[in-house]
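Visitor: The sequence shown begins at 1 in the numbering used here and counts up by one. Note that beta-carbon positions come from the ideal geometry of N, C-alpha and C, so glycine has one too.
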Amino acid sequence: MRERVYQIDVDGIVITVTKKRMKNMYLRVKKEDGSVLISAPHQMSDDRIRDFAKERIDWIRKYRQKYVKAGERKKEAPVLSKAELEAQKRFLKREVERLVKKWEPVMGVSVSGITIRQMKTRWGSCNVKSHHININLALLKKPPECLEYVVVHEMTHILEAGHNAVFWGYMTKFYPAWKQVRGDLRDEAAE
Numbered sequence: 001m002r003e004r005v006y007q008i009d010v011d012g013i014v015i016t017v018t019k020k021r022m023k024n025m026y027l028r029v030k031k032e033d034g035s036v037l038i039s040a041p042h043q044m045s046d047d048r049i050r051d052f053a054k055e056r057i058d059w060i061r062k063y064r065q066k067y068v069k070a071g072e073r074k075k076e077a078p079v080l081s082k083a084e085l086e087a088q089k090r091f092l093k094r095e096v097e098r099l100v101k102k103w104e105p106v107m108g109v110s111v112s113g114i115t116i117r118q119m120k121t122r123w124g125s126c127n128v129k130s131h132h133i134n135i136n137l138a139l140l141k142k143p144p145e146c147l148e149y150v151v152v153h154e155m156t157h158i159l160e161a162g163h164n165a166v167f168w169g170y171m172t173k174f175y176p177a178w179k180q181v182r183g184d185l186r187d188e189a190a191e
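(1) What alpha helix (DSSP H) runs, 4 residues minimum, are completely inside the segment 147–180?
(2) Can you name, in chain order, every residue of its own chain whose Cβ lies under 6 Å from the Cβ of LEU37, other than the five neighbours on each side?
(3) Counting only the same chain and skipping the five closest in sequence on each side, list residues whose C-beta sits under 7 Å from that of LYS89.
(4) Given 8 Å as the limit, is there contact between the segment 107–116 and the segment 56–73, that is, 3 or more CB pairs closer than that?
(5) What did DSSP end up calling PRO144 once you bin it into helix, strand or coil?
(6) Taking the Cβ atom as the reference point for each residue, do MET171 and CYS126 lie within a distance shorter than 9 Å?
(7) Using C-beta distances below 7 Å, list every residue in its chain close to TYR6, excluding the 5 sequence neighbours before and after it, in chain order.
(8) Figure out for me which residue from ASP33, ARG4, ARG48 and SER45 has the closest Cα to the Cα of GLN65.
(9) Which of the three DSSP states, helix, strand or coil, is assigned to GLN118?
(10) Taking the beta carbon of GLY124 as the centre, do at least 16 other beta carbons fall within 10 Å, making it buried, or is it exposed?
(11) What is the DSSP secondary structure of GLU47, reduced to helix, strand or coil?
(12) Work out the CA separation of SER45 and ARG21 for me, nearest whole Å.
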């Protein structure tokens, strides 16, 4: 059976429904524009899809509002020249290098390299084999404690690759305020 795409209205919100070969129903709100999508099995009734959306309407509204606002902020943001972008990357890299120098002796780890780049879905990443960390340029727009949290978080991956109890134990030991700062970062998507 071929995919079928159509739209429904649930409490004033237009939802794009895609029926296709699948077992379960999935809901998502696109970060790019706040549009709402539901994927559902062919045999699922429209009433069941509508009920599924209504049960989650508060969640849908919250994330639509968040992503629409983020999209508006992006439109308002000035477009940087290549030289300005490179200057920002150099500035942030110096800040990250300063933090790495501060934390290496405390944590007993060594970072082999730092890359600053624009990332869409993460604030940072760490190659646990090479000990190289990547930091999202968008952290430049966040309070300093957010940058420090991400640097410590990525350096902690050198000690423990996964996000398990051992990892969070290290985070609590080294950066006790991590829960608060992570909460602040999660309130805003990586830009």
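Guide: In brief:
(1) 165–174
(2) THR16 and ARG28
(3) ILE116 and LEU137
(4) no
(5) helix
(6) no
(7) VAL17
(8) ASP33
(9) coil
(10) buried
(11) Residue identity differs from the one stated: residue 47 is Asp in this sequence, not Glu. ASP47 falls in the helix class under three-state DSSP.
(12) 14 Å
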